[in-house]
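What follows is one structure encoded as structure tokens, with my remarks underneath.
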Amino acid sequence: HGMSAEGDPVVVVGGGLAGSLAALLLARDGRRVEVYELRADPRKTGCAGPQRSINLALSTRGMTALALAGLDAALRNIGVPMYSRCLHQAGGTVEFQNYGQSEQFLMSVSRAQLNAMLLDALDAEPRVNLIFGAKCVDVNLEHPAVTFSMDGADTPHTVRASLLVGADGTFSRVRASMARAPRFNFSQSYIPAGYKELTIPASCGATFHRNSLHIWPRGRYMLIALPNLDGSFTCTLFMDYDGNDSFSELTDSAQVEKFFKRNFPDALEAMPTLIDDFERNPTPALVTMRCAPYHDLQSGRAVLIGDAAHAIVPFFGQGINAGFEDCRILLETLRSHQYDLSAALPAFSARRKPNADAIADLALHNYEEMAAHTASTWFLISRRAGLLLNRLMPRLFVPLYSLISFSNVPYAEAVALAERRKRVVSLALRISASALTAAAIAITAAASTASSMRRRG
25 HGMSAEGDPV
35 VVVGGGLAGS
45 LAALLLARDG
55 RRVEVYELRA
65 DPRKTGCAGP
75 QRSINLALST
85 RGMTALALAG
95 LDAALRNIGV
105 PMYSRCLHQA
115 GGTVEFQNYG
125 QSEQFLMSVS
135 RAQLNAMLLD
145 ALDAEPRVNL
155 IFGAKCVDVN
165 LEHPAVTFSM
175 DGADTPHTVR
185 ASLLVGADGT
195 FSRVRASMAR
205 APRFNFSQSY
215 IPAGYKELTI
225 PASCGATFHR
235 NSLHIWPRGR
245 YMLIALPNLD
255 GSFTCTLFMD
265 YDGNDSFSEL
275 TDSAQVEKFF
285 KRNFPDALEA
295 MPTLIDDFER
305 NPTPALVTMR
315 CAPYHDLQSG
325 RAVLIGDAAH
335 AIVPFFGQGI
345 NAGFEDCRIL
355 LETLRSHQYD
365 LSAALPAFSA
375 RRKPNADAIA
385 DLALHNYEEM
395 AAHTASTWFL
405 ISRRAGLLLN
415 RLMPRLFVPL
425 YSLISFSNVP
435 YAEAVALAER
445 RKRVVSLALR
455 ISASALTAAA
465 IAITAAASTA
475 SSMRRRG
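Per our numbering, the sequence shown starts with residue 25, numbered consecutively.
Okay, structure coming up:
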């Protein structure tokens, strides 16, 4: 199960974000890599047609992996740093919440621009062969080998792989092949909500703070807006498909406009193309997919990364960050085992599975926080207390959000650390509140005693 740099190539199925980065890292580590992508080259075809993807918020994990590939400078040229959330409350008030300390930020970036940046880097890498218009039609895990139906070709193309990397997304063909074998576990779960992508054009974007992620929390539904380099904002409406205040109620332009006027009046004023966007763009579902293991148990030469391994809902902004982290950890694991796949791939699965499950659970939980609790007084007090303690004692107190977004601490470990620290912060707040109450009672009692003594005098 060792890999020779001169033998069959590494075959990456899927030239999206995680597949492109994995291919780049492996090629720069001396491996010959072939990348097969179903779509035509998106740099040539552009992004015309319905918009299906949420703008990305890259955090430390994603940026660390890109820096490993030498793309940190290129990323700064296409991204907008976001230092805070900007909450637009139902009553019209606006409040900023820093994500972390003053120097910490998320990077808002267009999915299309990020993919183009990675594909350009692959084009410049002599060890990479990048093939578009290749539909995966069969995966033979015993060799392993993959067969593709090629655009413009009459006969299928089959390629053998020294290592097969399944980076072909949520409905992965590589994972489907693994699922036919014994001892492979798989589950999927949809939430009641879907999403609709909308736009605030650059001509109207000056109304909103550029270096913030804007959120309009409204209980079971919410609107978010991420900034783009040109001054525009990419907006996403999340809401249930059915029931009260759902997509099923927004069936014509009058209902859409009435809904936005009632719930997001400031956003509506900046969205001249709202009706066209709403009617043109689809309403995709949101799914969590889990599987185990991430490696193939037959040949021991195939592995899943990104959404093919662990699709999650987007409410912690970690989908692409977890996928990019897969790429970094896959490379680290292969190196540490000298590319002995029989040891490296099980080690990769063991390392990633509990952490992928942890961020999947956090993403589901965070939907409720973003939709409702970001507006609650106790949430704001707790968050500010956590940030203050982090500033005063940065090694002892790091909020969960900061551990997830501004560190490379494994997700499961971050959750365990944050739970312990959360209990300490909560106890400290309650002790402080009790102390203030006791002090107020003592002052009141003292004042009452003094008043009584004056009356006797």
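Just so you know, even glycine gets a beta-carbon here, dropped at the ideal spot from N, CA and C.
Taking the alpha helix (DSSP H) that Phe348 belongs to, which residues open and close that run? By one-based count along the sequence shown, residue 348 stands at place 324. First-last of the alpha helix (DSSP H) with Phe348: 343-360.
With DSSP collapsed to three states, give me the class of Asn305. Reading the sequence shown from its first residue, position 281 is the one you call residue 305. In this structure, Asn305 counts as coil in the three-state DSSP scheme.
Measuring straight from C-alpha to C-alpha, what distance separates Leu424 and Met106? Within the sequence shown, numbered from 1, the residue matching residue 424 stands at position 400. Within the sequence shown, numbered from 1, the residue matching residue 106 stands at position 82. If I take the Cα positions, the gap works out to 18 Å.
Closest by CA to Arg215, which one among Val311, Ser126, Phe372, Gln342? In the sequence shown, counting from the first residue as 1, residue 215 sits at position 191. Per the sequence shown, the amino acid found at residue 215 is Ile instead of Arg. Minimum Cα distance to Ile215 is reached at Val311.
Per-residue DSSP class, three states only, for Gln496: The question about residue 496 has no answer, for the chain in this structure spans 25 to 481.
Rounded separation between Val422 and Glu437 - CA only: Here residue 422 corresponds to residue number 398 of the sequence shown, with the count starting at 1. Here residue 437 corresponds to residue number 413 of the sequence shown, with the count starting at 1. Spanning the two alpha carbons is a distance of roughly 13 Å.
Could you tell me whether the region 97-117 touches the region 229-236, where touching means 3 or more Cβ pairs closer than 8 Å? yes
Report the residue from Gly31, Ala64, Asp53, His167 whose alpha carbon sits nearest the alpha carbon of Gly38. Counting from 1 along the sequence shown, the entry for residue 38 is found at position 14. Nearest of Gly31, Ala64, Asp53, His167 to Gly38, Cα basis: Ala64.
Going along the chain, which residues of its own chain have a beta-carbon closer than 7 Å to the beta-carbon of Gln121, five neighbours each way excluded? Residue mapping note: residue 121 aligns to position 97 of the sequence shown, counting from 1. Answer for Gln121: Ser108, Arg109, Leu111, Arg407, listed in chain order.
For the beta strand (DSSP E) containing Ala118, name the first residue and the last one. Counting from 1 along the sequence shown, the entry for residue 118 is found at position 94. This sequence places Val at residue 118; Ala is not what is there. Note, Val118: beta strand (DSSP E), 118-122.
Compute the distance between the beta-carbons of Val327 and Phe372, then report whether it is under 9 Å. Stepping through the sequence shown from its first residue, residue 327 is reached at position 303. Stepping through the sequence shown from its first residue, residue 372 is reached at position 348. Yes, the pair counts as a contact, with Cβ atoms nearer than the cut-off.
Going by the CB atoms, is the gap between Ser132 and Val104 shorter than 9 Å? For the purposes of this step, residue 104 is taken as the residue at position 80 of the sequence shown. For the purposes of this step, residue 132 is taken as the residue at position 108 of the sequence shown. Contact: yes.
Could you pull out every residue in the same chain whose Cβ sits closer than 6 Å to the Cβ of Gln342, ignoring the five residues on either side in sequence? In the sequence shown, residue 342 corresponds to position 318, counting from 1. Answer for Gln342: Ile383, listed in chain order.
Measure from the alpha carbon of Met141 to the alpha carbon of each residue in Ala294, Gln125, Ala177, Ala91, then state which is nearest. Working through the sequence shown from its first residue, we reach residue 141 at position 117. The candidate whose alpha carbon is nearest that of Met141 is Ala91.
One question on the structure: do Ala316 and Lys220 come within less than 9 Å of each other, judged by their Cβ atoms? Here residue 316 is taken as the residue at index 292 of the sequence shown, counted from 1. Here residue 220 is taken as the residue at index 196 of the sequence shown, counted from 1. Cβ distance not < 9 Å, so Ala316 and Lys220 don't count as in contact.
Using DSSP's beta-bridge definition, name the partner residues of Asn432. Translated into positions along the sequence shown, residue 432 becomes position 408. Partner(s): none; Asn432 has no beta bridge.
Would you mind stating whether Glu349 and Ala158 have Cβ atoms separated by less than 9 Å? Position 325 of the sequence shown, counted from the start, is the residue given in the question as residue 349. Position 134 of the sequence shown, counted from the start, is the residue given in the question as residue 158. No, these two residues do not count as a Cβ contact at 9 Å.
Beta carbon of Asn139 nearer than 9 Å to that of Pro66: Indexing the sequence shown from 1 puts residue 139 at position 115. Indexing the sequence shown from 1 puts residue 66 at position 42. For Asn139 and Pro66, yes; Cβs fall inside 9 Å.
Where the beta strand (DSSP E) containing Gln212 begins and where it ends: Mapped onto the sequence shown, residue 212 falls at position 188. From DSSP, the beta strand (DSSP E) with Gln212 extends over 209-224.
Taking the beta carbon of Ala203 as the centre, do at least 16 other beta carbons fall within 10 Å, making it buried, or is it exposed? One-based indexing of the sequence shown puts residue 203 at position 179. Ala203 should be labelled exposed.
Between the alpha carbons of Phe339 and Asp178, how many angstroms are there, rounded? By one-based count along the sequence shown, residue 339 stands at place 315. By one-based count along the sequence shown, residue 178 stands at place 154. Each residue's alpha carbon lies about 43 Å from the other.
Measure the CB-CB distance between Asp331 and Gly193 and report whether it falls below 9 Å. If you number the sequence shown from 1, residue 331 lands on position 307. If you number the sequence shown from 1, residue 193 lands on position 169. Going by C-beta atoms, Asp331 is nearer than 9 Å to Gly193.
Helix, strand or coil: how does DSSP classify Pro289 here? Working through the sequence shown from its first residue, we reach residue 289 at position 265. Looking at Pro289 - three-state DSSP - the assignment turns out to be helix.
Strand pairing of Asp162, partner residues [DSSP]: The residue labelled residue 162 in the question sits at position 138 within the sequence shown. Beta-bridge pairing links Asp162 to Thr171.
Check each candidate in His167, Leu386, Cys160 and name the one with the smallest Cα separation from Ala191. Locating residue 191 in the sequence shown gives position 167, where the first residue counts as 1. Here the closest residue by C-alpha is Cys160.
Give me, in chain order, the residues of the same chain whose beta-carbon lies closer than 7 Å to that of Ala169; leave out the 5 immediate sequence neighbours on both sides. Stepping through the sequence shown from its first residue, residue 169 is reached at position 145. Hits under 7 Å: Thr182, Val183, Arg184, Ala185.
For Leu253 versus Ile102, is the C-beta distance shorter than 9 Å? Counting from 1 along the sequence shown, the entry for residue 253 is found at position 229. Counting from 1 along the sequence shown, the entry for residue 102 is found at position 78. It is a contact, given that the beta carbons lie within the stated cut-off.
Please identify the residue among Val36, Asp301, Leu50, Asn390 whose C-alpha is closest to the C-alpha of Tyr363. Here residue 363 refers to the residue found at position 339 when the sequence shown is read from its first residue. Of the listed residues, the one whose Cα sits closest to Tyr363 is Leu50.
Simplified DSSP state of Val439, which is helix, strand or coil: Within the sequence shown, numbered from 1, the residue matching residue 439 stands at position 415. In this structure, Val439 counts as helix in the three-state DSSP scheme.
Strand pairing of Ile112, partner residues [DSSP]: Within the sequence shown, numbered from 1, the residue matching residue 112 stands at position 88. Before going further, note that residue 112 is His rather than Ile in the sequence given. According to DSSP, which records beta bridges pairwise, His112 is partnered with Val118.
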